[in-house]
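My numbering puts the first residue of the sequence shown at 180, with every later residue one more than the last.
The structure appears right after this line, and notes come after that.
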Amino acid sequence: MTTTIEAVRLIGPGVDRVDGPLKVTGEASYPGDFGFPEMAHAALVRATVAAGRIRGIESAAAQAAPGVVAVITHRNAPHLGRGPDTPVWRQPPPPLQDDRILHYGQYVGVVVADTAEQATAAARLIEVEYEPAEALLDLDDPRAEVVTNPWGMDAHRGDVAAGLASADVTVDASYSTPDETNNPMGLFATVAAWEGDALTVHDSTQWPQSVKATLAAAFGVPESGIRVLAPFVGGGFGAGLRVWPHVVLAALAARTAKRPVKLVLTRPEMFTGVGHRTRTVQHIRLGADRSGQLTVLDHEAKNSIAMEDDNWEPVASDSAWAYACPNVDVRDLQARLNIPVPTSMRAPGQAQGNFALESALDELSYAVGVDPVEMRLRNYAEIQPQLGLPWSSKALRACLEQGAERFGWQARDPRPRSMQDGNWLVGYGMAGVSFFWFQPPCQARASIMADGTAYVRSSATDIGTGTYTVMTQLAADLLGLRLDQVRFGLGDTDMPPGGVEGGSGLTAGLGTAVWAACRGVIQACLDTVADDPGSPLRGCRIDDVTAADGRIRHRYDPARGEAYSEILARHGLDELTAPGDSTPPQPQDVGMAPAGAFAARFAEVRVDPDLGLVRVARVVSAIDGGRILNEKTATSQVIGGTVGGIGMALLEETVTDPDTGRITNANLGDYLVPVNADIPDLDVLFVGEPDRFNPIGVKGVGEVGLVGMAAAIANAVFHATGKRIRSLPITVDQLV
Ligand code: MOS
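See the structure below:
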């Protein structure tokens with residue numbers, strides 16, 4: 180077994196989801212599907228002002244309502260601790276700790292009753308009297324505290340003023356993107372059951388370990404007694420990254436009622452309670468020489484954050500290394516507002532930042548008179564400009580060239596408003612994407628059982644991305660087993676800590692841990708037979724062997740080997756188990772800059788100039804995701820991301836009433852997302868090589884599929900119409 184996996188079996192048309200049959204037959208249990216005997220149900224009461232204080236709460240009627248077990252408000256709630264900080268955000272403040280209101284929809288009470296209907300009905304009987312204060316809701320409100328990038332990602336190179344002064348051509352423009360809401364299909368649910376200080380929780384989460392740590396801190400109980408389960412999650416898109424107040428409230432309700440409690444959020448509660456993508460305003464200044472070579476790049480972004488919160492939203496920071504440019508300044512600012520606590524939403528920050536940067540580059544390409552694809556190629560970053568190190572892999576050039584070829588870019592007449600099909604104006608637009616790198620530390624365990632099958636597990640989750648499938652494939656490949664001989668366990672904190680499913684990093688992080696665990700199990704087999712005169716593998720070292728057909732065999736003498744089952748049987752073992760651990764190295768130690776995915780997106784739009792209608796006619800996405808473990812699930816990720824990107828470009832916007840802070844479209848009827856009729860054929864092409872930063876060669880593809888679509892579509896709309904739209908979503912009123 181060498182440091183690279185046997186690629187042949189893993190690349191190709193892909194395999195079906197191993198959990199597909201469970202899902203389509205309804206056997207896969209999502210958090211809200213679980214129940215306990217004697218379980219009660221909780222319903223939440225939310226604030227109807229965005230700022231101020233609670234003057235009074237009248238809860239006697241609710242308390243007396245049929246089936247009600249408990250009513251909890253800040254008046255009778257115990258002290259709850261705040262969960263531990265993570266590297267990129269604090270957990271949201273614990274609920275019901277005082278009478279202050281920081282945002283519309285903040286929880287001010289929870290009602291526990293025998294049935295969900297009784298809890299909901301009683302919750303409506305609670306009357307809250309507020310002493311409202313003026314809410315800060317506008318990103319440009321001068322009273323709002325503005326904080327600088329807390330992640331140390333602002334970047335400066337060279338001299339921006341000098342670069343601007345010497346540029347032949349400049350672009351200076353502002354762009355804006357709206358609030359958007361993650362809206363996973365599965366309503367988030369928490370089911371909590373206490374036994375003394377021990378707590379079992381089923382929760383919609385992308386990070387079970389974090390839920391465990393936060394609940395331990397909230398209630399001051401040992402983490403060792405808490406078990407969090409999330410074997411299946413009905414989508415997340417980032418909404419499941421943080422541990423939300425309702426999770427703590429479900430556990431508090433169960434502790435107070437002395438019964439297990441289930442809490443399922445409503446769709447409107449999903450708009451205020453599990454985060455959102457923050458709006459941005461961005462100012463970009465670009466300068467270039469007459470050939471289109473960038474001389475200066477200045478990108479300042481401001482987004483919103485909630486009061487008393489941090490949120491990972493690096494909007495401008497990727498612009499520092501996306502292209503080669505001598506004079507660079509990127510800055511991220513955040514304004515504190517009375518808004519619901521945000522979260523990462525698929526490609527947090529990057530989605531918004533890329534829209535501004537790739538729109539501005541498109542504007543520059545017209546100003547210079549260079550083809551937009553050529554513009555990206557001329558400014559190609561051959562090495563990572565911030566670190567000054569070679570990339571662990573980068574096939575952006577192949578993305579641009581092969582994507583353009585597949586799309587038929589050369590048929591494009593460069594002049595705006597020059598292409599037409601009947602009454603439709605036709606536009607071709609494109610965008611480059613350099614997605615950030617992230618890989619969470621992960622642990623896994625692998626066991627070979629007496630019957631020669633394997634059980635591999637980790638507490639990480641599969642939010643629908645295909646983690647079960649690709650990890651099963653990976654373990655099967657590494658252990659030389661068939662897919663049906665490998666069982667993969669996920670979503671249980673009694674398993675080794677699996678790391679966060681986020682930042683497109685889990686396949687690399689968990690995959691590397693699985694790689695190490697499987698390698699460890701083979702090593703354990705070799706250790707077992709090291710002095711075994713009956714074993715043909717006696718004395719073999721791990722690099723001498725390979726695994727195939729349920730056997731370990733000598734790499735150069737395939738006849739010399741034996742089955743796992745034979746090894747275990749001869750030594751009277753039920754199983755052999757090994758841990759696997761992955762912590763990514765420091766770039767300087769390995770002499771390379773870790774690369775996330777790269778992409779080039781190409782879109783054709785049709786615009787009806789009389790009606791202002793925009794239709795996306797086709798999309799080609801060329802993606803460098805390193806080694807693709809399963810083309811089918813990876814393609815599925817990119818298609819899903821592309822649909823999200825089309826939504827961002829044309830439809831999605833969470834609308835807040837500027838007077839009250841209420842979200843006015845907090846339902847799936849009024850919050851617009853693309854439907855089938857909005858989506859054309861989406862062509863996905865994978866290019867590139869296995870990455871060098873981890874032994875399995877993968878880069879994540881969970882988020883890159885969304886990034887670049889908004890700019891590609893806006894650029895196509897400009898090409899079709901000659902109108903530059905710098906504010907998302909692109910709506911009819913901007914085009915007529
Ligand atoms: Mo993703 S926004 O890191 O779930």
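Backbone N, C-alpha and C fix where the C-beta goes; we use that ideal spot for every residue, glycine too.
With a 10 Å radius around the Cβ and a threshold of 16 neighbouring Cβ atoms, Ser800 comes out buried. By the CB criterion at 8 Å, Ala796 and Ile892 fall outside the cutoff. Separation of Thr651 and Phe617 (C-alpha to C-alpha, rounded to the nearest whole angstrom) is 22 Å. A heavy atom of ligand 1 is found nearer than 7 Å to the CB of Pro527.
Relative to ligand 1, even the nearest heavy atom lies 7 Å or more away from the CB of Leu473. Non-local C-beta neighbours of Leu428 in its own chain, meaning closer than 6 Å and more than five positions away in sequence, comprise Pro274, Val289, ordered along the chain. A Cβ-Cβ contact shorter than 8 Å links Ala432 with Ile251. In the three-state scheme derived from DSSP, where H, G and I count as helix and E and B as strand, Gly820 is classed as helix. Counted as a single uninterrupted DSSP element, the beta strand (DSSP E) harbouring Val290 occupies residues 286 to 292.
Below 8 Å, enough C-beta pairs join the region 530 to 546 and the region 354 to 362 to call them touching: three or more.
Per DSSP, Leu394 is one residue of the alpha helix (DSSP H) stretching across 387 to 398. Around the beta carbon of Val883, 16 or more other beta carbons lie within 10 angstroms, which makes this residue buried. Taking the C-beta atoms as reference points, Val866 is found nearer than 8 Å to Ala577. Nearest in C-alpha terms to Lys902, of all of Ala696, Val769, Gln767, Leu604, is Leu604. The region 740 to 747 makes no contact with the region 841 to 848; the number of CB pairs closer than 8 Å stays below 3.
Counting along the chain, Thr451 sits inside the alpha helix (DSSP H) bounded by residues 446 to 452. Note: Lys441 is bridge-paired with His220, Val370 in the DSSP secondary-structure output. Residue burial is scored here from C-beta neighbours: Asn873 has at least 16 other C-beta atoms within 10 angstroms and is therefore classed as buried. Pairing Gly205 with Thr384, the inter-Cα distance amounts to about 20 Å.
Contact check for His478 and Ala495: beta-carbon distance about 4 Å, within the 8 Å limit, so the pair qualifies.
The Cβ-Cβ distance between Met609 and Phe781 falls below 8 Å. The Cβ-Cβ distance between Val197 and Thr648 falls below 8 Å. Annotation for Val649: the continuous alpha helix (DSSP H) segment containing it runs 646 to 658.
By alpha-carbon distance to Gly699, the top candidate from Arg624, Asp736, Asp497, Gln581 is Arg624. The region 439 to 449 and the region 400 to 411 do not touch, with fewer than 3 CB-CB distances between them shorter than 8 Å. With a beta-carbon spacing of about 17 Å, Gly840 and Asn482 fall beyond the 8 Å limit used to define contacts. Counting every other CB atom within 10 Å of its CB across the protein chains shown gives Val326 a total below 16, marking it as exposed. The C-beta separation of Gln388 from Ser638 comes to about 6 Å, placing the pair in contact by the 8 Å criterion. Residue range 888 to 900 is occupied by the alpha helix (DSSP H) that includes His898. The distance from the Cβ of Ile875 to that of Thr691 is about 6 Å, consistent with a contact at the 8 Å cut-off. With three or more CB-CB distances shorter than 8 Å, the region 621 to 636 counts as touching the region 745 to 762. Per the C-alpha coordinates, the member of Leu473, Ile484, Asp592, Arg591 positioned closest to Arg555 is Leu473. The DSSP assignment places complete beta strand (DSSP E) segments of no fewer than 3 residues inside the region 693 to 763 at 724 to 727, 730 to 733, 740 to 742, 754 to 761, in order along the chain. Counting along the chain, the unbroken beta strand (DSSP E) around Ala623 starts and ends at 621 to 628. DSSP places Arg841 in the coil class of the three-state scheme, outside both helix and strand. One alpha carbon belongs to Ala346, the other to Pro505, and they sit about 12 Å apart.
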